[in-house]
Amino acid sequence: MVAIEQNILAKNDGYAEQNRALLRERRIFALNLVSSPGSGKTTLLVRTIEALRSRCPVTVIEGDQQTANDAERIRATGVPALQINTGKGCHLDAHMVGAALREMKLPQQGFLFIENVGNLVCPAAFDLGEAHKVAILSVTEGEDKPLKYPDMFLAADVMLLNKCDLLPYVRFDVELAVANALRVNPTLAVFQVSAETGQGFDDWLAWLDSGLAALALTAASG
Ligand SMILES: Nc1nc2c(ncn2[C@@H]2O[C@H](COP(=O)(O)OP(=O)(O)O)[C@@H](O)[C@H]2O)c(=O)[nH]1
Ligand SMILES: [Mg+2]
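Numbering (the working numbering), first residue to last: 4 to 225.
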């Protein structure tokens with residue numbers, strides 16, 4: 004079992020490096036959005052795209068076991084989205100993303116958002132060639148999820164605590180949730196947001212802009 008897992012992951016990592024090289028060459032800041040189903044990935048993406056698209060090209064890859072619903076929600080904002088259906092698969096892998104990148108017309112500089120299959124376990128192990136994994140936890144899921152699914156919160160560099168507009172109506176201790184996440188990953192950047200109201204988006208968008216700017220600076224310095 005261990006040997007097989009190592010082989011699969013090593014092969015995946017090879018494809019991920021190819022994706023990363025292509026994205027670096029194109030100066031594309033790529034983010035892999037991971038969470039349980041329903042935490043608000045697509046809603047967050049739609050609002051994020053609406054804020055970004057007038058100043059910078061945005062491209063989206065959507066992963067789900069079935070349907071093209073999320074790609075259609077993204078295309079409705081006016082940006083290109085390619086849907087990958089994983090069938091029985093519980094996560095995207097770097098080979099699938101590489102094929103999608105070849106099929107899409109990638110811009111020179113911009114954002115690529117990859118919405119992974121909703122699942123707090125499997126996507127943690129698979130590097131897709133992204134700059135960062137962004138974990139989304141919503142306030143209806145319980146404060147203990149970072150402790151129960153530590154791999155995901157350790158693999159992520161950012162956590163968006165979503166659905167903060169619902170805090171008056173649910174029993175959820177924000178401080179405890181953030182402390183749990185930081186216990187697993189002390190360097191995690193945390194933003195408290197609502198994809199419904201836009202609360203907290205200024206800080207999230209500023210983080211995205213600084214990531215893109217840093218990438219451009221690195222590329223310019225060779
Ligand atoms: N109240 C509230 N609902 C949200 C928020 N974000 C997403 N939702 C709702 O949560 C449900 C799942 O959202 P979706 O974006 O499809 O989640 P995904 O499965 O992670 O892509 C939908 O009914 C959304 O309207 C939020 O910030 N606040
Ligand atoms: Mg979705």
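Where a beta carbon is used, it is the ideal one built from N, C-alpha and C, also for glycine.
Predicted, not measured: the structure shown is a model, and the values here were computed from it.
Relative to ligand 2, residue 70 has its C-beta separated by 7 Å or more from all heavy atoms. Distances between the C-beta of residue 136 and the heavy atoms of ligand 2 are all 7 Å or more. Per DSSP, reduced to three states, the secondary structure at residue 151 is helical. Judged by the Cβ position, residue 180 fails to qualify as a neighbour of ligand 1 at the 7 Å threshold, every heavy atom of the ligand being at least this far. Of all residues, those with a beta-carbon under 5 Å from at least one heavy atom of ligand 2 are 44, 45 and 73, reported in chain order. Assigned with DSSP and collapsed to three states, residue 96 falls in coil, not helix or strand. If you check the CB distance, residue 68 and residue 43 do not come in under 8 Å. Taking 8 Å as the cut-off, the beta carbon of residue 34 is found no closer than this to the beta carbon of residue 132. The continuous stretches of alpha helix (DSSP H) do not include residue 38, which lies in the beta strand (DSSP E) extending over residues 31-38. Per DSSP, residue 175 is not a residue of any beta strand (DSSP E), being assigned neither H nor E. Taking the C-beta atoms as reference points, residue 160 is found no nearer than 8 Å to residue 109.
Fewer than three beta-carbon pairs drawn from the stretch 54-63 and the stretch 149-159 are found closer than 8 Å, and the two stretches are therefore not classed as touching. Residue 40 has its Cβ nearer than 7 Å to a heavy atom of ligand 1. Inclusion of residue 193 and residue 173 in the CB contact set at 8 Å is not warranted, their separation being larger than that value. Collapsing the DSSP output to three states places residue 205 in a helix. Taking the Cα of residue 169 as reference, the smallest distance to any Cα among 196, 151 and 180 is reached at 196. Within its own chain, the residues whose Cβ lies closer than 6 Å to the Cβ of residue 98, once the five positions on either side in sequence are excluded, are 18, listed in chain order.
Per DSSP, residue 70 is not a residue of any alpha helix (DSSP H), being assigned neither H nor E. In the structure shown, residue 156 falls within a helical segment according to DSSP collapsed to helix, strand and coil. A residue is called buried once 16 or more other Cβ atoms fall within 10 Å of its Cβ, and residue 66 is buried on that count.
By the Cβ neighbour-count rule, residue 93 is exposed, with fewer than 16 other Cβ atoms within 10 Å of its own. If you look at residue 53, you'll find it in the alpha helix (DSSP H) that goes 44-55.
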